[in-house]
Amino acid sequence: MRRGTREYGAWSIGLLLVLVFALLPVVWIISLSLKTPTTVGDGRFLPAGGQWTLDNYKVLFEGGFDNSPFIHPLINSIAIALIATAIAIVLAAFAAYAIARLNFPGKGLILGGALAIAMFPAISTIGPLFDMWRSIGLYDTYLGLIIPYLTFSLPLAIYTLVAFYREIPWDLEQAAQVDGATPFQAFRRVILPLAAPGTFTAAILVFIFCWNDFLFAITLTSSNNARTVPAALAFFTGESQFTAPTGNIAAAAVIVTIPIIIFVLFFQRRIVAGLTAGAVKG
Amino acid sequence: MAEIVLEKVTKRYADGFEAVRNMDLDINDGEFMILVGPSGSGKSTALRMIAGLEDISDGQVRIGDTVVNQIAPKDRDIAMVFQNYALYPHMTVRENMAFPLKLAGASKEEIDNKVQEAAEILDLTEHLDRKPANLSGGQRQRVAMGRAIVRNPKAFLMDEPLSNLDAKLRVQMRTEVSRIQSRLGTTTVYVTHDQTEAMTLGDRVAVLRGGVLQQVGSPAELYDHPVNLFVAGFIGSPSMNFMPATLDGDTLRIPLGDVRLADDARQRAAGAQSGQTVVAGIRPESFEDASLVPEDARHSGTTFKTKIDLVESLGAEKYAYFRVEESQIESDELRELAEDTGSAELGATEGQVVARLEPASGIERGTEAELWVDSRKIHFFDLESGRTLADGATAQR
């Protein structure tokens, strides 16, 4: 018992340290976003004299849809990330199912290729992509961003899903087949519901990847047509030529963090371990 | 409902290994057929070929009048119960049982009625809205059965459905399975490695060894007229005792002593010449405590004295263990059986003989006792081929 409490204490302290380490920058950003332009550079955690302000947030939404520097990119970000995630998950679900369940020539090649793409430095594709997108008209469009996002997130999604599909007992699928299901029915009604936790995990990973991307967003867009928030932040301007837009950037950073927290919390509930419990003897 | 016919069916894997070799088997309409054999004997593979989960390398499988070699499992109209039940964990019991009907496009009322009916047969009515994870092993097993019977398929295929249950429940479910099968009268193929299940459940039993069908027959036929050492050793518990024997006219010399064979007993060794060394197989129940054998029955057998190593009393019967000298028999079939039961590693069973005695027997361990062996019930096998030496016993129904 004594040892138990001591261990508990040690773990608590350890976890607290990790938590502080991880959350300190976030708290700092929040603090920055609430400071006035005069106190933003004072290096203090709490502004002197308690001068909190929400101006930084208000500025972001001033001018409505057309003139606000932030609303349009935010919508772009949400739309592009969601579309890319949806497409990636559908494609990855089929690909991973085939890889986990079927024996076909070139299976190793596909897995190896996927891994190679995941390892590939994205920066080296930027130049050629820029030229290509310019000439075929994909520059500064949603599709122009969704395609490279798919390229780099699919391997991740496929690998995650293959691991989950392999966990599902073969027998379940064969039972479905004997029960009269076509391979597609077996996939849709038995495998897919059981792989839901894996699918949500993959979806979160892909969404975060697309949401956070700066490299493609800054190079392959030129206007609010398709520019996402991370890229738009770089174009924020201060009140005058000589003031840095630190407060506004901090406020925007806080806002873009919110959707991802919601997304993760929303799907986290569905990632319940042991969903397959009771399928087979265990 | 339909008959199932396997004609020269072979399963060959890519590496050339043949899991099932040239198997011929006719399963009649409504029959309860058991495929039994040690692990690796190809029994599950044979079943999975009938189900369509495994390709057929050679030969033909027919269900009813249709050749099903190229037909997908879903179109074969068969139902299968898996060893690990394979219930859909995300569905309730009701949904699990309704699944095959839903896929077949049945109407909602029809599904409700059939599920209800099956649930009543299987005593699952109270559990219809629970998930498999919350059910006990026996209940899960019944749901798996329920999913099979709702559809009224041409045949049930069961792959060791009871092997995951504990001993008591297994006996209970065994009678349950048998009751349901006879009630529905559906052709059933049942795979098991447990010879007790095979003997108690089946109308007929097919014994497999290394992918080759050894013998097909009713449980009594297999028990009374095994065609070879393997079947003889596999069927019956405790298994048959084997020892070398020499025939000398009407006298059989076994390590236990000389046994005079009556005429009908001599028939069982019709294939052997005088002086030839053969394998004698004696079932434990062919022994008896000599003092308990009535005087007028003694002449059909022989008494001998031996030192009893161990006596196990089970209440309804007693098992006496003793040793015989020079009883080594070199046979692949027996070695395989020993490996399957795990007794090969123990090593202690060599030359050990088990006798099943009346509980009234007063024989005690460590004492010299007089036992009687019924010479009419001794089986004879060829030393080389392992085949029975009896006439006509090879006849398969």
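Chains as they are written, first to last, in numbering that gives the first Met the number 0: chain B, 0 to 281; chain F, 0 to 396. The C-beta atom is built at its ideal place from N, Cα and C for all residues, glycine as well.
Smallest Cα separation from F/Val352: which of F/Pro254, F/Thr44 and F/Pro152?
Locating residue 352 of chain F in the second sequence gives position 353, where the first residue counts as 1. Closest by alpha carbon: F/Pro254.
Delimiting residues of the alpha helix (DSSP H) encompassing B/Glu166:
Locating residue 166 of chain B in the first sequence gives position 167, where the first residue counts as 1. Run containing B/Glu166: Tyr141 to Glu166, per the alpha helix (DSSP H) assignment.
Please check if any C-beta of chain B sits within less than 9 Å of the C-beta of F/Arg396.
The residue you call residue 396 of chain F lines up with position 397 of the second sequence. At F/Arg396, the pLDDT of 32 sits below 50, so the modelled position is not reliable; the number obtained from the coordinates is stated separately. Taking Cβ atoms only, chain B never reaches closer than 9 Å to F/Arg396, which makes this a no.
Taking only three categories from DSSP, how would you classify B/Met0?
The count along the first sequence starts at 1 and reaches residue 0 of chain B at position 1. With a pLDDT of only 49 at B/Met0, under the threshold of 50, the placement of this residue in the model should not be trusted; the figure read from the coordinates follows. Coil, per DSSP.
Taking 9 Å as the cut-off, decide whether the C-beta atoms of F/Ile26 and F/Ile3 are in contact.
Position 27 of the second sequence, counted from the start, is the residue given in the question as residue 26 of chain F. Position 4 of the second sequence, counted from the start, is the residue given in the question as residue 3 of chain F. For F/Ile26 and F/Ile3, yes; Cβs fall inside 9 Å.
Supposed close pair B/Leu155, B/Leu204 - CB separation, criterion 8 Å:
Here residue 155 of chain B is taken as the residue at index 156 of the first sequence, counted from 1. Here residue 204 of chain B is taken as the residue at index 205 of the first sequence, counted from 1. Contact holds; Cβ gap of about 6 Å.
DSSP beta-bridge partners for F/Trp371?
As a working note, residue 371 of chain F is residue 372 in the second sequence. For F/Trp371, which the question treats as bridged, DSSP gives the partners F/Glu287 and F/Thr302.
Can you give the Cα-Cα distance for F/Asp308 and F/Glu17, rounded to whole angstroms?
Here the question's residue 308 of chain F lines up with position 309 in the second sequence. Here the question's residue 17 of chain F lines up with position 18 in the second sequence. Their backbone Cα atoms lie some 43 Å apart in a straight line.
Contact criterion: CB-CB distance below 9 Å. Does B/Gly105 meet it with respect to chain F?
Position 106 of the first sequence, counting from 1, holds the residue named residue 105 of chain B. By this cut-off, B/Gly105 is not an interface position.
With a Cβ-Cβ cutoff of 9 Å, do F/Ile33 and F/Ala78 count as a contact?
If you number the second sequence from 1, residue 33 of chain F lands on position 34. If you number the second sequence from 1, residue 78 of chain F lands on position 79. No. Outside cutoff.
Cα separation between B/Val285 and F/Pro88?
As shown, chain B starts at 0 and ends at 281. That puts residue 285 of chain B outside it, with no answer to give.
If the criterion is Cβ atoms closer than 9 Å, does the pair F/Ile328 and F/Phe241 meet it?
Counting from 1 along the second sequence, the entry for residue 328 of chain F is found at position 329. Counting from 1 along the second sequence, the entry for residue 241 of chain F is found at position 242. A distance below 9 Å separates the beta carbons of F/Ile328 and F/Phe241.
Sequence-distant residues of the same chain with beta carbon closer than 8 Å to B/Gly143, five excluded per side
To locate residue 143 of chain B, count along the first sequence from 1; it is residue 144. Result list for B/Gly143: Trp132, Leu137, Leu219, Thr220 and Ala225, in chain order.
B/Tyr56 (DSSP reduced to helix, strand or coil)
For the purposes of this step, residue 56 of chain B is taken as the residue at position 57 of the first sequence. Helix.
Am I right that B/Ala284 and B/Leu214 are in contact with their C-beta atoms under 8 Å? What's the rounded C-beta distance?
Given a span of 0 to 281 for chain B in the structure shown, any question on residue 284 of chain B remains unanswerable.
Can you list the beta strand (DSSP E) stretches of 3 or more residues lying completely in the region 241 to 274 of chain F, in chain order?
250 to 253 and 256 to 259
Could I get the ranges of all uninterrupted alpha helix (DSSP H) runs contained in the region 189 to 225 of chain F, with 4 residues as the minimum, in chain order?
Listed in chain order, they are 194 to 200 and 218 to 223.
If you check the beta carbons only, do B/Ala251 and B/Leu59 fall under 9 Å apart?
Counting from 1 along the first sequence, the entry for residue 251 of chain B is found at position 252. Counting from 1 along the first sequence, the entry for residue 59 of chain B is found at position 60. Yes, they are a contact pair.
Report all residues from its chain with a CB closer than 7 Å to the CB of B/Trp106; omit the five preceding and five following residues, and keep chain order.
For the purposes of this step, residue 106 of chain B is taken as residue 107 along the first sequence, with counting starting at 1. Sequence check: residue 106 of chain B is Lys here, not Trp. Once the five neighbours on either side are set aside, the close Cβ partners of B/Lys106 are Ile98.
Using 9 Å as the threshold, is the C-beta distance between F/Gly300 and F/Val310 below it?
Within the second sequence, numbered from 1, the residue matching residue 300 of chain F stands at position 301. Within the second sequence, numbered from 1, the residue matching residue 310 of chain F stands at position 311. In this structure, F/Val310 does not lie closer than 9 Å to F/Gly300 by Cβ.
Check whether chain F comes within 9 Å of B/Arg100, counting only Cβ atoms and requiring the distance to be less than that.
Stepping through the first sequence from its first residue, residue 100 of chain B is reached at position 101. B/Arg100 does not count as touching chain F.
Rounding to the nearest angstrom, what Cα-Cα distance links F/Ser38 and F/His192 in this structure?
The residue labelled residue 38 of chain F in the question sits at position 39 within the second sequence. The residue labelled residue 192 of chain F in the question sits at position 193 within the second sequence. Cα-Cα distance, rounded: 7 Å.
Closer than 7 Å by C-beta to F/Leu24: which residues in its own chain qualify, once you throw out the five before and the five after it? Chain order, please.
Position 25 of the second sequence, counting from 1, holds the residue named residue 24 of chain F. Excluding sequence neighbours, F/Leu24 sits near Leu5, Ala205, Leu212 and Val215.
Cβ neighbours of B/Ala276 in the same chain (closer than 6 Å, five flanking residues each side left out)
Here residue 276 of chain B refers to the residue found at position 277 of the first sequence. Caution applies to B/Ala276, whose pLDDT of 45 falls short of 50 and renders its modelled position unreliable; the model cannot decide the point.
Please tell me whether B/Thr140 has its Cβ less than 9 Å away from any Cβ of chain F.
Translated into positions along the first sequence, residue 140 of chain B becomes position 141. No, because no Cβ of chain F sits closer than 9 Å to the Cβ of B/Thr140.
Start and end residues, beta strand (DSSP E) containing F/Leu356:
Position 357 of the second sequence, counted from the start, is the residue given in the question as residue 356 of chain F. Looking at the DSSP string, the run of the beta strand (DSSP E) that includes F/Leu356 is Gln351 to Leu356.
At the level of alpha carbons, what is the spacing between F/Gln180 and F/Ala197?
Within the second sequence, residue 180 of chain F is the residue found at index 181, counting from 1. Within the second sequence, residue 197 of chain F is the residue found at index 198, counting from 1. Roughly 14 Å between the two C-alpha positions.
Considering only DSSP beta bridges, list what F/Ile33 is partnered with.
Taking the first residue of the second sequence as position 1, residue 33 of chain F is located at position 34. Bridge partners of F/Ile33: F/Tyr189 and F/Val204.
What residues in the region 174 to 197 of chain B have a beta carbon less than 7 Å from any beta carbon of chain F?
Ala174, Gln176, Val177, Asp178, Gly179, Ala180, Thr181, Gln184, Val189, Pro192 and Leu193
Quick one: is B/Ile145 buried, meaning 16 or more other Cβ sit within 10 Å of its Cβ, or exposed?
On the first sequence, position 146 is the one that residue 145 of chain B refers to. So B/Ile145 ends up on the buried side.
Could you tell me the alpha carbon to alpha carbon distance between F/Glu108 and F/Lys167, rounded to whole angstroms?
Position 109 of the second sequence, counted from the first residue, corresponds to residue 108 of chain F. Position 168 of the second sequence, counted from the first residue, corresponds to residue 167 of chain F. Straight-line Cα distance between these residues: approximately 37 Å.
Whose Cβ in chain A lies nearer than 9 Å to the Cβ of F/Arg169?
Looking for chain A here will not work: the only protein chains present are B and F.
Against F/Ala50, what residues of chain B qualify as contacts under a CB-to-CB distance less than 7 Å, listed in chain order?
On the second sequence, position 51 is the one that residue 50 of chain F refers to. Neighbours of F/Ala50 on chain B, chain order: Val177.
Buried or exposed for F/Asn95, going by 16 or more other Cβ atoms inside 10 Å?
Along the second sequence, one-based indexing puts residue 95 of chain F at 96. F/Asn95 comes out buried.
Enclosing alpha helix (DSSP H) for B/Tyr96 [first to last residue]:
Here residue 96 of chain B refers to the residue found at position 97 of the first sequence. First-last of the alpha helix (DSSP H) with B/Tyr96: Ile70 to Arg100.
Hey, is B/Asp41's beta-carbon within less than 9 Å of any beta-carbon in chain F?
Taking the first sequence and counting its residues from 1, one reaches residue 41 of chain B at position 42. Taking Cβ atoms only, chain F never reaches closer than 9 Å to B/Asp41, which makes this a no.
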